[in-house]
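**Student:**
Written out as structure tokens, the structure is:
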């Protein structure tokens with residue numbers, strides 16, 4: 014900690030050696046390459062914004078990124094803001110973010126690591142800590158994350174496999190080069206990489222967001238492991254084990270500063286990396302759960318009359334205005350399709366206006382059944398709030414569930430009464446029990462559901478109401494989890510808990526003769542084969558699930574409740 018503080022103080026007091034240019038309310042330090050782009054008057058950010066030359070490409074409370082087309086070059090301007098007392102205090106003991114990123118980008122390029130080319134950094138003309146600005150040269154590249162989610166996802170399967178192999182090798186060589194140069198990025202996710210895919214189809218990667226990179230000697234194995242685990246968090250949920258193994262072998266063969274160990278040691282290190290990544294993901298997910306309860310760069314608070322709650326920021330205010338004024342009116346308006354209407358809740362599908370056109374959504378109203386329920390909702394998370402948090406939590410873990418768009422309550426005398434949850438609608442979806450009623454559920458759908466449930470349990474999610482009616486099949490085969498009030502997140506889920514939840518699902522199919530014992534066994538084998546092996550075999554699992562299913566049937570019979 015003290016070493017980091019002294020490093021920041023040294024950075025703050027170290028002269029930059031760059032000429033200072035004042036332009037309006039900004040003071041700029043301009044690199045020689047930047048002087049050739051901006052001229053002797055320096056960057057004219059205020060004029061670029063006023064003239065419409067500065068186009069916003071990314072915006073959130075912490076920063077805004079502009080693209081500016083100048084006669085000499087295309088540049089990007091990152092406007093860094095101070096978002097709270099902690100960030101303001103931090104600016105007193107370190108250089109501004111823009112300067113840190115400018116200096117680190119310069120150092121990385123000197124060490125032969127592809128990084129953005131810094132042209133200038135600046136700050137407001139004041140002695141107090143405040144906003145800072147970084148200007149970099151534009152490159153013919155796209156954010157790597159955007160490429161994965163759009164262009165790569167749309168490729169034909171054969172081309173996707175070939176491109177995926179090229180990307181894997183390029184990423185492995187890039188990180189090996191980075192670590193050999195003594196550079197550890199504290200947040201090495203795909204969103205902090207730019208990708209160029211030239212005609213030769215050899216990917217080129219560029220590093221972004223450099224204000225907090227650590228510079229030093231080549232990384233040792235423990236430091237490499239920690240940094241690779243951060244990068245692997247994204248791909249452990251999305252890439253296959255063979256793809257991750259290919260990355261690992263190329264990375265270790267390319268590392269010049271680390272000796273290549275024996276095959277057995279290499280295998281043990283790969284297992285260590287996977288375990289470290291899983292632990293890192295669990296820690297990240299647990300830390301992020303609280304962010305779904307307050308206003309931040311993703312969410313905003315909404316209020317209208319006696320209704321208030323939270324909504325995602327990309328749903329415009331005008332789309333929510335009438336809904337917040339009278340949420341109950343939606344259930345009776347023309348074009349609304351009521352999916353469920355019971356004593357406990359009402360569920361309806363309708364279309365929500367958006368800049369891209371009407372969006373199909375689902376609104377669930379949770380009714381107040383007793384006089385004590387508003388008092389309970391005041392002192393604990395209500396069913397709507399639990400569903401809201403759990404929906405985002407599952408999506409954080411890469412598990413399929415409709416995206417929650419808003420959650421709000423009607424307040425009376427300061428107490429939350431009826432609750433409302435607005436989610437995206439799953440297109441062409443049918444409940445799993447409805448799909449099983451007329452005939453056999455497609456085997457690929459059951460296998461996909463088994464893999465989803467195994468991933469859910471491995472990622473620390475327990476669904477205590479895991480029944481067929483709470484699983485949708487999108488497009489006839491892709492499982493989607495709904496009704497998340499009974500979801501809990503824990504560090505690890507034991508065999509007994511897993512078997513009990515599988516039994517809950519199995520019990521809901523006892524009235525479906527199309528789901529035979531053979532289908533149940535295939536489902537169990539798919540579940541067991543979708544992850545690391547357990548110490549108990551499939552026969553023991555079959556006995557555990559069968560016993561738990563019988564117990565569930567007996568409990569429901571005693572309570573007079575139907576299965577399903």
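Numbering (this note's numbering), first residue to last: 14 to 577. Glycine is no exception: its CB is placed at the ideal position from the N, C-alpha and C atoms. This one's a predicted model, so the numbers in the text were calculated from it and none came from an experiment.
Using the Cβ count rule (16 or more neighbours within 10 Å means buried), how would you classify residue 16?
**Tutor:** Here residue 16 refers to the residue found at position 3 of the chain shown. At residue 16, the pLDDT of 43 sits below 50, so the modelled position is not reliable and the matter cannot be decided from this model.
**Student:** Quick one: what does DSSP say residue 235 is sitting in, helix, strand or coil?
**Tutor:** Within the chain shown, numbered from 1, the residue matching residue 235 stands at position 222. Helix, per DSSP.
**Student:** Quick one: give me the first and last residue of the beta strand (DSSP E) that residue 141 is part of.
**Tutor:** For the purposes of this step, residue 141 is taken as residue 128 along the chain shown, with counting starting at 1. Neither: residue 141 is in no beta strand (DSSP E) and is coded neither H nor E.
**Student:** So, does the stretch 430 to 443 touch the stretch 505 to 521, judging by three or more C-beta pairs under 8 Å?
**Tutor:** Judged by Cβ distances under 8 Å, the stretch 430 to 443 makes no contact with the stretch 505 to 521, as fewer than three pairs qualify.
**Student:** So what does DSSP say about residue 564, is it helix, strand or coil?
**Tutor:** Locating residue 564 in the chain shown gives position 551, counting from the first residue. The answer is helix: DSSP assigns residue 564 an H, G or I state.
**Student:** Taking the alpha helix (DSSP H) that residue 170 falls in, what are its first and last residues?
**Tutor:** What you label residue 170 is simply residue 157 of the chain shown in a count that begins at 1. Residue 170 -> alpha helix (DSSP H) spans 170 to 193.
**Student:** Measure the CB-CB distance between residue 216 and residue 208 and report whether it falls below 8 Å.
**Tutor:** Translated into positions along the chain shown, residue 216 becomes position 203. Translated into positions along the chain shown, residue 208 becomes position 195. In this structure, residue 208 lies closer than 8 Å to residue 216 by Cβ.
**Student:** According to DSSP, residue 87 sits in a beta bridge with which residue or residues?
**Tutor:** The residue you call residue 87 lines up with position 74 of the chain shown. Its beta-bridge partners are 82.
**Student:** Contact defined as beta carbons within less than 8 Å: I believe residue 90 pairs with residue 63. What is the distance between those atoms, to the nearest angstrom?
**Tutor:** Numbered from 1 along the chain shown, position 77 holds the residue referred to as residue 90. Numbered from 1 along the chain shown, position 50 holds the residue referred to as residue 63. The pair is not a contact, with the Cβ atoms about 14 Å apart (cut-off 8 Å).
**Student:** Using the rule of at least 16 other Cβ atoms within 10 Å of the residue's Cβ for burial, across every protein chain shown, is residue 22 buried or exposed?
**Tutor:** Residue numbering aside, residue 22 sits at position 9 when the chain shown is read from its first letter. Because the pLDDT at residue 22 is just 43, under 50, the model does not fix this residue reliably, and the point stays unresolved.
**Student:** Rounded to a whole number of angstroms, what is the C-alpha to C-alpha distance between residue 183 and residue 177?
**Tutor:** Residue 183 sits at position 170 when you count from the first residue of the chain shown. Residue 177 sits at position 164 when you count from the first residue of the chain shown. For residue 183 and residue 177, the distance between alpha carbons rounds to 10 Å.
**Student:** Considering only residues of the stretch 405 to 453, which uninterrupted alpha helix (DSSP H) runs meet the minimum length of 4 residues and lie entirely inside it, listed in chain order?
**Tutor:** 445 to 449
**Student:** Count the other C-beta atoms from every protein chain shown that fall within 10 angstroms of the C-beta of residue 388, then say buried if there are 16 or more, exposed otherwise.
**Tutor:** Here the question's residue 388 lines up with position 375 in the chain shown. Answer is exposed; the Cβ neighbour count stays below 16.
**Student:** Helix or strand or just coil, what does DSSP make of residue 370?
**Tutor:** On the chain shown, position 357 is the one that residue 370 refers to. Coil, per DSSP.
**Student:** Which value, in whole angstroms, describes the spacing of the CA atoms of residue 414 and residue 136?
**Tutor:** Mapped onto the chain shown, residue 414 falls at position 401. Mapped onto the chain shown, residue 136 falls at position 123. Between residue 414 and residue 136, the C-alpha separation is close to 43 Å.
**Student:** Mind checking who residue 93 pairs with in its DSSP beta bridge?
**Tutor:** For this step, residue 93 is matched to residue 80 along the chain shown. Beta-bridge pairing links residue 93 to 76, 145.
**Student:** Can a CB atom of chain D be found closer than 8 Å to the CB of residue 494?
**Tutor:** Reference to chain D is not applicable here, since this structure consists of a single protein chain.
**Student:** Who are residue 493's beta bridge partners in DSSP?
**Tutor:** In the chain shown, residue 493 corresponds to position 480, counting from 1. In the DSSP output, where bridge partners are listed per residue, residue 493 has 485.
**Student:** For residue 463 and residue 539, which I take to be in contact (beta-carbon distance under 8 Å), what is that distance rounded to the nearest angstrom?
**Tutor:** Counting from 1 along the chain shown, the entry for residue 463 is found at position 450. Counting from 1 along the chain shown, the entry for residue 539 is found at position 526. Confirmed, about 4 Å.
**Student:** If I measure Cβ to Cβ from residue 245 and keep anything under 6 Å in the same chain, skipping five residues before and after, which residues do I get?
**Tutor:** Residue mapping note: residue 245 aligns to position 232 of the chain shown, counting from 1. Closer than 6 Å at Cβ, skipping near neighbours: 290.
**Student:** Below 8 Å between beta carbons: does that hold for residue 286 and residue 337?
**Tutor:** Your numbering for residue 286 matches position 273 in the chain shown. Your numbering for residue 337 matches position 324 in the chain shown. No, Cβ-Cβ distance for residue 286 and residue 337 is not below 8 Å.
**Student:** Mind checking whether residue 481 and residue 537 have CB atoms under 8 Å apart?
**Tutor:** Against the chain shown, residue 481 aligns to sequence position 468. Against the chain shown, residue 537 aligns to sequence position 524. Result no, Cβ atoms of residue 481 and residue 537 do not sit closer than 8 Å.
**Student:** Who are the Cβ neighbours of residue 18 in its own chain at under 7 Å, not counting the five residues just before and after it?
**Tutor:** Taking the first residue of the chain shown as position 1, residue 18 is located at position 5. The pLDDT assigned to residue 18 is 45, lower than 50, so where the model puts this residue is not dependable; a value taken from the coordinates is nonetheless given after this. Contacts found: 106.
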